[in-house]
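Below is one structure, written out as structure tokens; comments come after it.
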Amino acid sequence: MRNFTNITGLISGVIGATGFLVLFFFLGIPLLTSLLLGLACFGGAWLFIYAFRPKPRMQFDIGAGITPQLLETTMKEGGEKVKALVDCANDIKDPAIRAKIARIIDVIKRIFGNFEKDPKDIKQAKQFLAYYLDTSIKIVRKYRDLSQQNVRSPEIAATLAKAELMLDSIEKAFEKQHARLLRDDAMELDTEIQTLEKTFNAEDLK
Numbered sequence: 001m002r003n004f005t006n007i008t009g010l011i012s013g014v015i016g017a018t019g020f021l022v023l024f025f026f027l028g029i030p031l032l033t034s035l036l037l038g039l040a041c042f043g044g045a046w047l048f049i050y051a052f053r054p055k056p057r058m059q060f061d062i063g064a065g066i067t068p069q070l071l072e073t074t075m076k077e078g079g080e081k082v083k084a085l086v087d088c089a090n091d092i093k094d095p096a097i098r099a100k101i102a103r104i105i106d107v108i109k110r111i112f113g114n115f116e117k118d119p120k121d122i123k124q125a126k127q128f129l130a131y132y133l134d135t136s137i138k139i140v141r142k143y144r145d146l147s148q149q150n151v152r153s154p155e156i157a158a159t160l161a162k163a164e165l166m167l168d169s170i171e172k173a174f175e176k177q178h179a180r181l182l183r184d185d186a187m188e189l190d191t192e193i194q195t196l197e198k199t200f201n202a203e204d205l206k
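Number 183 in the UniProt record's numbering belongs to position 183 of the sequence shown; there are no gaps in the numbering.
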């Protein structure tokens, strides 16, 4: 913002000085009048440029150090990773595997839906998601690539079987994380209710 102000002052100064020189030396307007008009050019240029200054983004907290920008970034990144999983799943022929991936995607969407309702949960789940989302994408991509091979060796078959088991484990991990977030939300609500009850009792409002 400071750099923008400096640039605005420089450009406005050049415009004001140019206006003065043209008025005084080329048009022969009296010195005082030229100075006043030059200052008017400077002020007008400043106001015009300043009107288009970049607006600073708000950085207030939603809670627990979570800003609207962090929420927006988290939701955007989550959407991109979900899309990557969907794209990979669409290329897999085995309907049972596609169903497993679809269940994983459903849980992920529920977790991110919870973020929109309670952004404070991002702080708790961010590290978990960073690992498990990327791991899920890697496994699904590898499964897709191997399953599309024309030659099915025993090694490839064993790797695909391991990947299928991993998908089951990943689904359970996401389900546990989602349940943990909901449990924490319930505990927060219970704490708020207890606080309200204490307030009502203290004020004889019960």
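Ideal Cβ positions, reconstructed from N, Cα and C, are used throughout, including at glycine.
* First and last residue of the uninterrupted alpha helix (DSSP H) at THR73 -> The residue you call residue 73 lines up with position 73 of the sequence shown. THR73 -> alpha helix (DSSP H) spans 68 to 90.
* Environment of TYR143 [buried if 16+ CB atoms lie within 10 Å] -> Numbered from its first residue, the sequence shown carries residue 143 at position 143. Per the 10 Å Cβ criterion, buried.
* Beta-carbon contacts of PHE174 that lie in its chain and below 8 Å, excluding the five residues immediately before and after -> Indexing the sequence shown from 1 puts residue 174 at position 174. Only ILE104, VAL107, ILE108, ILE111, TYR132 meet the Cβ criterion.
* Leaving out the 5 sequence neighbours to the left and right, which residues in its chain are closer than 6 Å to ILE139 when beta-carbon positions are compared? -> In the sequence shown, the residue the question calls residue 139 occupies position 139. The residues are ALA163, MET166.
* **As assigned by DSSP and simplified to three states, the class of LEU27** => Here residue 27 is taken as the residue at index 27 of the sequence shown, counted from 1. It is coil, neither helix nor strand.
* To do: Give me the Cα-Cα distance between THR33 and THR18, rounded to the nearest whole angstrom.
  => The residue given as residue 33 occupies position 33 in the sequence shown. The residue given as residue 18 occupies position 18 in the sequence shown. Straight-line Cα distance between these residues: approximately 14 Å.
* Asked: Helix, strand or coil: how does DSSP classify ALA51 here?
  -> Here residue 51 refers to the residue found at position 51 of the sequence shown. In this structure, ALA51 counts as coil in the three-state DSSP scheme.
* Hey, LYS120 and ILE66 are a contact pair by Cβ (cut 8 Å); roughly how many whole angstroms apart? -> Taking the first residue of the sequence shown as position 1, residue 120 is located at position 120. Taking the first residue of the sequence shown as position 1, residue 66 is located at position 66. With a Cβ gap of about 6 Å, LYS120 and ILE66 count as contacting.
* Asked: Out of curiosity, what's the CA-to-CA distance linking PRO95 and GLY79?
  -> By 1-based counting over the sequence shown, the position of residue 95 is 95. By 1-based counting over the sequence shown, the position of residue 79 is 79. Going from the Cα of PRO95 to the Cα of GLY79 covers about 23 Å.
* **Residues of its chain near GLY16, where Cβ-Cβ distance is below 6 Å and the 5 sequence neighbours each way are ignored** => Your numbering for residue 16 matches position 16 in the sequence shown. If we look at GLY16 and ignore the five residues flanking it on each side, its Cβ neighbours are GLY38, CYS41, PHE42.
* To do: Return the first residue and the last residue of the alpha helix (DSSP H) that ASN114 is part of.
  => Mapped onto the sequence shown, residue 114 falls at position 114. First-last of the alpha helix (DSSP H) with ASN114: 95 to 117.
* Span separating the alpha-carbon of LEU129 from that of SER147 -> The residue you call residue 129 lines up with position 129 of the sequence shown. The residue you call residue 147 lines up with position 147 of the sequence shown. Between LEU129 and SER147, the C-alpha separation is close to 26 Å.
* For ALA125 versus LEU71, is the C-beta spacing smaller than 8 Å? -> Within the sequence shown, residue 125 is the residue found at index 125, counting from 1. Within the sequence shown, residue 71 is the residue found at index 71, counting from 1. Taking 8 Å as the Cβ cut-off, ALA125 and LEU71 do not qualify as a contacting pair.
* Do you know offhand how far ASN150's Cα is from ILE170's? -> If you number the sequence shown from 1, residue 150 lands on position 150. If you number the sequence shown from 1, residue 170 lands on position 170. Answer to the nearest angstrom: the Cα atoms are 28 Å apart.
* Between the Cα of ALA179 and those of SER153, GLN69, ASN114, spot the shortest distance and give me the residue it belongs to. => Taking the sequence shown and counting its residues from 1, the one referred to as residue 179 is at position 179. For the residues SER153, GLN69, ASN114, the minimum Cα distance to ALA179 belongs to ASN114.
* What number of angstroms, rounded off, separates the C-alpha of ILE29 from the C-alpha of LEU47? -> In the sequence shown, residue 29 corresponds to position 29, counting from 1. In the sequence shown, residue 47 corresponds to position 47, counting from 1. Answer to the nearest angstrom: the Cα atoms are 25 Å apart.
* Asked: In whole angstroms, what separates the C-alpha of VAL22 from that of ILE7?
  -> Here the question's residue 22 lines up with position 22 in the sequence shown. Here the question's residue 7 lines up with position 7 in the sequence shown. The alpha-carbon of VAL22 is positioned some 23 Å away from that of ILE7.
* Can you give me the Cβ contacts of GLN177 inside the same chain, cut-off strictly under 7 Å, excluding the 5 residues immediately before and after it? => What you label residue 177 is simply residue 177 of the sequence shown in a count that begins at 1. ILE111, ALA125, PHE128.
* **Which of helix, strand or coil DSSP assigns to ARG152** => In the sequence shown, counting from the first residue as 1, residue 152 sits at position 152. Three-state result, ARG152: coil.
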